[in-house]
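For the sequence shown, numbering that gives the first Met the number 0 gives the first residue as 0, with consecutive numbering after it. Backbone N, C-alpha and C fix where the C-beta goes; we use that ideal spot for every residue, glycine too.
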Amino acid sequence: MAELRTIAPAFVVSGPSGVAVRDRLKHLTAADDEVLRLVGAHLGALASADLKTRCADGLGHSADAWAARKRELTPLSSARWAGAITKASHDQWALARRCQADHIRDLQSAIATITRRLSLPIGKKGTGKEPGGYRSEQEWFAKSRRLHLLHDRLKRLQADQRAGRVRVVRGGKRLARTRHHLDAAGLTEAGWRQRWEAARWFLAADGESGKRYGNETIRITPDGQVSIKLPVPLAHLANAPHGRYVLAARVRFAHRGSEWADRIEANRAVAYRIHLDTARGRWYITASWQIPPAPTVPLSAALAAGVIGVDTNADHLAAWHLDVHGNPIGNLRRFSYDLSGNAEHRDAQVRHALTRLLHWARACGVKAIAIEDLDFQTEKTREKHGRRKRFRKLISGMPTSKLRARLTSMADATGIAIIAADPAYTSKWGAQHWQKPLTTTKRTTTRHDAAAVAIGRRAQGHPIRRRTAPPPAHRSDEQRHRTIQAGTNARGREGPRPRIPGPRTRSVPPGRDTNAGDQNAQHRSEHSAEHVQLMLSP
């Protein structure tokens, strides 16, 4: 048997630290639409220039430079707009630095993999943990050229990292590259230009506690009235006092609306972002605020009423309800989703599947859902699975991080804890120990369904296998109880099995079931002297 890696203990996932809700800006007039476009374009141009300045500063950036940038933007917008723009630029630069560090680690991992495979003989088979040598001399030669390419790319990135240089595209690199593939994207040049400009607009304002309704720049009253503080060059467009513009739309947040109303009535900070969906021609506004993370429930308390084990797959969630002893209860459940559409469609599909899962969990009366602590960053590289394109596409399409974050956020409102379990060998051992026993004439159990049982048992701290190994000496109970289905303090654990009428293999002979648990009645050496004398008398 190959050496197994260490299994990490299960843990309760921390709850969310923020909330974001969205609503559509309906019944906007033509004047409202024009004002939003002008304000977004003007502030977007300022944000682009400020981001360029921030990236040029690199590692030499300081608090004084930040204040100088804000002073330059204030006459062109306002003090609060300038603060929001400079903060967004700084956050974007920090995000680019983190992505740059991740890219460097990926390149180093790819270089190490190629170097090792090049050192192996051609055609040498790999193991379960490490790939073998390359299949042919042609592939070996191509990978040797790619190794030099990756080395050069790594040197450039490391030089940029030391100098503090980052590459940032406002509007998104993917959308920028779509300009060269309009036919494949199904867009015209005018349609792409409209989407590109809308993505580069800036209409976001951070909240301020103590200010009226929690935000002075974009303000929403309790009755849903939306007003915007116009930049100084566009102050002539105001239709309300103090250089503000009031939109004709009324906002009502259906989700968490009561929480939002309580915050703004208490003048607590709420951040807002307005954006345009160019495909639908609709304006939306998103409200977000921070919440104190809920205290983490102890693992034993979360598992007190059983658990639901969930196995994540490319097109569905396989779930099974387990009792406190790790035994599957009832039938399995599958929650399907389709991830073939755009980002909004995929997000909606995942959200609907998780909603059905949470409703079923509440109906079962459990307080915990066990999922795998998956991370495919090291598993989907082309250097490890270069020829297995379908497999790479499969694991790349699984929404592991998004699913876990959304499930944690949605479960927090229902009081259900999310437990993350180590994913090692769950599919393999689940299929080995649970797929066949759970398959009946009316139920077909797949390896994904069996993996859900394995995940739930690992979260509970039980071994995945159904029973322990038999005693090494003989088949009596000298080495303690052999099963793990009942705890050591369970009543009747060592008692006789119930008598089942009718013939069965290895059944207890008639009349012996009542004495099966009486050791004195089973072993002659333990009988009393009176009983032995009666047996020997004629």
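Nearest to I307 by C-alpha distance, out of A451, T28, R465, D105, is A451. A distance below 6 Å between beta-carbons, with the five flanking residues on each side excluded, links L202 to the following residues of its chain, in chain order: G39, I273. Around the C-beta of E371, 16 or more other C-beta atoms lie within 10 Å, and the residue is accordingly described as buried. The count of Cβ pairs closer than 8 Å, one atom from the stretch 44 to 60 and one from the stretch 86 to 99, reaches three, so the stretches are in contact. Comparing alpha carbon positions, the residue from A175, R199, W359 closest to E188 is A175.
Contact check between the stretch 233 to 253 and the stretch 12 to 29: three or more CB pairs, one atom from each, fall below 8 Å, which counts as touching. Taking the Cβ atoms as the reference, R194 lies roughly 5 Å from T277, within the contact range of under 8 Å.
Closest in C-alpha terms to H320, from the list R332, N312, L72, T311, comes R332. Annotated three-state conformation of V296 is coil, per DSSP.
Put simply, the backbone Cα of T5 is about 11 Å away from that of P422. For A293, the CB contacts under 8 Å within the same chain, skipping 5 residues up- and downstream, are G14, D411 in chain order. The DSSP-derived three-state label of T438 is coil. For R116 and E129, the gap between their C-alpha atoms comes out near 9 Å. The stretch 279 to 297 and the stretch 308 to 328 do not touch, with fewer than three beta-carbon pairs separated by less than 8 Å.
Assigned with DSSP and collapsed to three states, F252 falls in coil, not helix or strand. Boundaries for R218: no alpha helix (DSSP H) harbours it, while the beta strand (DSSP E) harbouring it runs 217 to 219, taken from the DSSP string. Judged by their CB atoms, L72 and L37 are not nearer to each other than the 8 Å cut-off. Looking at the DSSP output, D372 shares a beta bridge with no other residue. Note on geometry: alpha-carbon atoms of R218 and N238 lie some 15 Å from one another.
Pairing K366 with I415 gives a Cβ-Cβ distance under 8 Å. Between the C-alpha atoms of L246 and E215 there is a straight-line separation of about 15 Å.
In this structure S339 is exposed. Its beta-carbon is surrounded by fewer than 16 other beta-carbon atoms within 10 angstroms.
DSSP places H26 outside both helix and strand once states are collapsed to three, so it counts as coil. Distance between R464 and A55, taken at the CA atoms: about 58 Å. Excluding its 5 nearest sequence neighbours in each direction, L233 has C-beta neighbours in its own chain below 7 Å: L37, V38, H41, listed in chain order. Annotated three-state conformation of F140 is helix, per DSSP. Going by DSSP, S108 is part of the alpha helix (DSSP H) stretching over 78 to 118. When secondary structure is reduced to three states using DSSP, I6 falls in the coil class, being assigned neither helix nor strand. V34 and K172 have their alpha carbons spaced roughly 28 Å apart. Minimum Cα-Cα distance from L357 among the listed residues T413, R345, S108 corresponds to T413. As the crow flies, the alpha-carbon of R262 is around 16 Å from that of Q224.
In the three-state DSSP reduction, D314 falls in the coil class, being neither helix nor strand. A Cβ-Cβ distance of about 14 Å is found for the pair T285 and A87, leaving them out of contact under the 8 Å criterion. Note on geometry: alpha-carbon atoms of L153 and Q99 lie some 11 Å from one another. Secondary structure note for A198: it is in no beta strand (DSSP E), and the uninterrupted alpha helix (DSSP H) holding it is 188 to 198. Here H274 carries a strand assignment [DSSP, helix/strand/coil].
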